[in-house]
């Protein structure tokens, strides 16, 4: 899971395996495979880096 910040400053954990699309419009919107959309403060690049780091941790074990 990756930790991100919603626009109301609430920190949430998102299952990185369920992320389908990340877009900046100009807010960053994560669309999950379930169809749910989450608007967050982090940039698209930050989300990409979080997912890469998460996957490295998973495969290192």
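Residue numbers (the numbering used here): 2 to 62. Positions of the beta carbon are idealized from the N, C-alpha and C atoms, including for glycine. The structure presented is a predicted model; accordingly, all values stated were derived computationally and were not measured.
- When only Cα atoms are considered, residue 60 and residue 28 end up about 31 Å apart.
- In summary, residue 31 is buried, with 16 or more beta-carbon neighbours lying within 10 Å of its beta-carbon over all protein chains present.
- For the pair residue 5 and residue 12, the Cα-to-Cα distance works out to about 6 Å.
- If you compare the alpha carbons of 58, 57 and 53 with that of residue 20, the shortest gap goes to 53.
- Excluding its 5 nearest sequence neighbours in each direction, residue 7 has C-beta neighbours in its own chain below 8 Å: 13, 39, 40, 41 and 42, listed in chain order.
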